[in-house]
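Protein chains in written order, with the working numbering: chain Y, 1 to 388; chain L, 1 to 296.
The C-beta atom is built at its ideal place from N, Cα and C for all residues, glycine as well.
What you are looking at is a predicted structure, and each value in this text was computed from that prediction instead of being measured.
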Amino acid sequence: MFGLPYTDTVVVLGALVLGVTSGVLGTFAVLRQRSLVGDAVAHSTLPGVCVAFLVAGVKDVPGLLVGAAAAGLVAALLMVGIERTGRIKPDTAIGVVLSGFFSLGVVLLTHIASTADADQAGLENYLFGQAAGLLETDVVVMAVLGGTALLVVGVLRRALTTTLFDSSYAGSIGLPVRALEVLMTGLLVVAVVIGVRVVGAILMVAMLVVPTVVARQLADRFTWVLPIAGVVGAVVGITGSLLATRAALPTGPVIVLVGFSIAMLAVLLAPGRGVLWRASRLATRRRRVRRDAVLVSPDAPVRSLADRLARTSLRRDGLLDDDGLTAAGRRAAEELADRRALWSAWLEHGALVDLPDAREPDPTDLRGSLGDDAVAQLRLLSAGGRRG
Amino acid sequence: MGDAVLSDSIVIIVVAGLVATACGLLGPFLVLRRIALLSDAVSHAVLPGIVAVWLVWQTRAPLPVVVGAAAFAVLCVLGIDALRASGLMASDAAIALVFPALFSLGVLGVTRFADGIHLDLDSTIYGEIAFVPFDAIDLGGGVGVARAGVVLAVVVLLNLLLVTLLWKELKATTFDPAFGATVRLRPQLLSRLLLIAVAVTAVSAFEAVGAILVVTMLIVPAATAYLLTDRLVVMVALAVGVGWVGAIAGHTLAIAYDSSIAGAMGLVCAACFVLALLASPKHGLLTRRLRRRTPA
């Protein structure tokens, strides 16, 4: 596949499964402002791996995964439980569980190092990720777990979304809120346990958060956030692992850096929500305000560069020449004054106007947003107000 | 020989206690400001700084390493602040975006350029508290003092200075930033000062005792103290106290069971937290349940 050697194909497939799963499941954590639960769960898998190793005595992958998952689940439930006692805030709860479990893991590791045979070497790799050592069976386990988790999300999409956004409403329509929250946490643990092996515990955080951040930048509706996050996760996973293979670099860090770059691009450039996009819209709006100011009082002294630019733009449009406003310019200024008069009429008498449906007024185009009838009423009202 | 082991133990406990003090002075503010996990982020984000120092000056000497690490710690904190300020994401998501990227950069740097010297991620870079007594500096007259102890004593003094001099300001802006702003306390500036103090404390302590212990000491004792009191000054004192309990009891346990010292100290702190969560006079789960059963 991809014209790659067998081992690389396995790595790329693993990254793909990881990307889709963590992309979709991470959404639930990020939107609840628990982005770093993944970090804590990932750190918490260490004692689980150690205990599984001590019990089984060998490094067999499914056994270690079960240990990791069990410890991760306990940690995740502890976090939610500590939070629910009320005094401790989510980030502190995450931090306490992370420190406690990781300390336990380190203690167990030193215990293993002093008692067990040489076979224990490499347990720590759980924390940094050893994608190159990924086996076909690992990918199969990951795909089964990830597929099951995605299936559950697909089936329970509505209930999960309702619980996520309004848990008291979800409770009032009879959804088992607490069970759903536990389920959501459990699914997240699945994603983290899958990822720990590919990108490493510390870097797993990025795979949970990047797809959601990107998806939020690109989509307005939550219905779209889940699938987009899945696709973004897949793209990040495949691109990162292919790049890493080509450049002979460790897979985890390359995947994370690819994800970070894509997230930054989305933050800067996403249509409508991107930082640059918003900045340019703000600049356009400022320019229009300057232009309107010059139109209203064309004889005011030119004080700033913005004023000069506004004048240049008006000249280019044939609204202004050396003698002041042109005929077209005067017409534009009258229209502007008329629009403003209408807007202040709306602010003053708007409550008295009978609108067919609730409509949002647009200060620049009241006629368009409210309709001709309402505008006629407003003119009457403001004329009456002036008379009286 | 026996004396040497005993004095090594004392050095380790004192150094851990200094870490506990430095962290206990700042931790409560982090917990109250809901940015406890910033310490974890910083602990990972400093790696590229350490690698860069190695690449440029080929040195692992403490001073340049701490400076390089601190530079990236500050970069991390400011990056998180900028992303949060964009209003596009919550601060936890901003933290989760920035520190994995910086850490990845560091890991790539290590594997690409520093592999040959075995810049080992766990012990060489982040320090191991068991080695603290072996790195002594001569104070003259043949009196050796653990270098980490000297560095951390300075950090403790600086933190103490910051917290006592700006006590009222920090307190006001922690509990009510809006009020702080209206009485011209400049919450933004205070918050940055606090973050820089956290970054410097964390970096200088990582180098001596490892990242896990620092993150633990910043969060867990403060959280424990928060369960035990409603007064900030008591909270700070309790946080320092819990940290010392962790240092002393953790060291004893580690020696008895021959395990990781930092890990054992972390576990003792976590045990203190669990105890407080269950049995705190006001906020404990057990005490609350008892109170419900027997109405006063």
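Query	Result
Less than 9 Å between the C-beta atoms of residue 187 of chain Y and residue 53 of chain Y, yes or no?	no
Please report the straight-line C-alpha distance between residue 235 of chain L and residue 189 of chain L, rounded to a whole angstrom.	23 Å
Going residue by residue through the region 269 to 301 of chain Y, where are the continuous beta strand (DSSP E) segments of at least 3 residues, counting only ones entirely within it?	none
Please report the residue range of the alpha helix (DSSP H) in which residue 369 of chain Y lies.	366 to 370
For residue 268 of chain L versus residue 250 of chain L, is the C-beta distance shorter than 9 Å?	yes
Quick check: the region 137 to 146 of chain Y against the region 200 to 210 of chain Y, are at least 3 beta-carbon pairs closer than 8 Å?	no
To the nearest angstrom, report how far apart residue 157 of chain L and residue 258 of chain Y are at their CA atoms.	42 Å
Exposed or buried, which one is residue 291 of chain Y when buried takes at least 16 other CB atoms within 10 Å?	buried
Counting contacts by CB-CB distance shorter than 9 Å, is residue 410 of chain Y in contact with chain L?	For residue 410 of chain Y there is no data in the structure shown, the boundaries of chain Y being 1 and 388.
Do three or more CB pairs link the region 24 to 38 of chain Y to the region 208 to 215 of chain Y at distances below 8 Å?	yes
Whose Cβ in chain L lies nearer than 8 Å to the Cβ of residue 250 of chain Y?	107, 108, 111
Kindly list the residues whose CB is nearer than 8 Å to the CB of residue 172 of chain L, restricted to its own chain and excluding five residues on each side of it in sequence; keep chain order.	179, 180, 183, 185
Runs of 4 residues minimum, wholly inside the region 59 to 89 of chain L: which ones carry the alpha helix (DSSP H) assignment?	62 to 85
I'd like to know if residue 253 of chain Y contacts chain L, where contact means its C-beta is closer than 9 Å to some C-beta of that chain.	yes
Which of the three DSSP states is assigned to residue 321 of chain Y in this structure?	strand
Under a CB-based cut-off of 9 Å, is residue 273 of chain Y close to chain L?	yes
Between which residues of its own chain and residue 13 of chain Y is the CB-CB distance below 6 Å, once the five residues before and five after are set aside?	139
Alpha carbon to alpha carbon, how far is residue 34 of chain L from residue 179 of chain Y? Give it in angstroms, no decimals.	27 Å
In chain order, what residues of the same chain have a beta carbon less than 6 Å from the beta carbon of residue 70 of chain Y, not counting five sequence neighbours either side?	48
So does the region 374 to 384 of chain Y actually touch the region 8 to 15 of chain L, counting three or more Cβ pairs closer than 8 Å?	no
Taking only the alpha-carbon atoms, compute the straight-line gap between residue 236 of chain Y and residue 34 of chain Y and give it to the nearest angstrom.	22 Å
What whole-angstrom Cβ distance do residue 220 of chain L and residue 99 of chain Y have, given they're in contact under 8 Å?	5 Å
Within 10 angstroms of the Cβ of residue 123 of chain L, are there 16 or more other Cβ atoms? Answer buried if so, exposed if not.	Residue placement at residue 123 of chain L is poorly supported in this model, since its pLDDT is 44, which falls under 50; the coordinates are not used for a value here.
Here's a check: name, in chain order, each residue in its chain whose Cβ is nearer than 6 Å to the Cβ of residue 36 of chain Y, leaving out the five neighbours to either side.	94
Output the distance between the C-alpha atoms of residue 317 of chain L and residue 76 of chain L, rounded to the nearest integer angstrom.	Nothing about residue 317 of chain L can be read from this structure; chain L reaches only from 1 to 296.
Rounded to the nearest angstrom, what separates residue 260 of chain L and residue 149 of chain L at their Cα positions?	20 Å
Please go through the same chain and pick out, in chain order, the residues whose beta-carbon is closer than 8 Å to the beta-carbon of residue 254 of chain L, but skip the five residues on each side of it.	260, 261, 263, 264, 265
Taking residue 316 of chain Y as the query, report the chain L residues whose CB atoms sit under 8 Å from its CB, ordered along the chain.	Near residue 316 of chain Y there are no residues of chain L at all, since even the closest Cβ is about 34 Å away, more than 8 Å.
Taking a Cβ distance cut-off of 9 Å, strictly less, list which residues of the region 82 to 98 of chain Y are near chain L, in chain order.	82, 85, 86, 87, 88, 89, 90, 91, 92, 93, 94, 95, 96, 97, 98
If you measure beta-carbon to beta-carbon, which residues of the region 200 to 223 of chain Y are closer than 9 Å to chain L?	200, 202, 203, 204, 205, 206, 207, 208, 209, 210, 212, 213, 216, 217
Just the C-alpha distance for residue 63 of chain Y and residue 137 of chain Y, rounded to the nearest angstrom, thanks.	13 Å
Report buried or exposed for residue 206 of chain L, applying the criterion of at least 16 other Cβ atoms within 10 angstroms of its Cβ.	buried
Can you find a CB in chain L that lies within less than 9 Å of the CB of residue 307 of chain Y?	no
Report, in whole angstroms, the separation of the C-beta atoms of residue 5 of chain Y and residue 111 of chain L, which I expect to be a contact under 8 Å.	Wrong, their Cβ atoms sit about 20 Å apart, outside the cutoff.
Looking at C-alpha atoms only, which residue of L:209, L:169, L:176, L:204 is the closest neighbour of residue 373 of chain L?	The question about residue 373 of chain L has no answer here: the residues shown for chain L are numbered 1 through 296.
Consult DSSP for residue 267 of chain Y and reduce its assignment to one of helix, strand or coil.	helix
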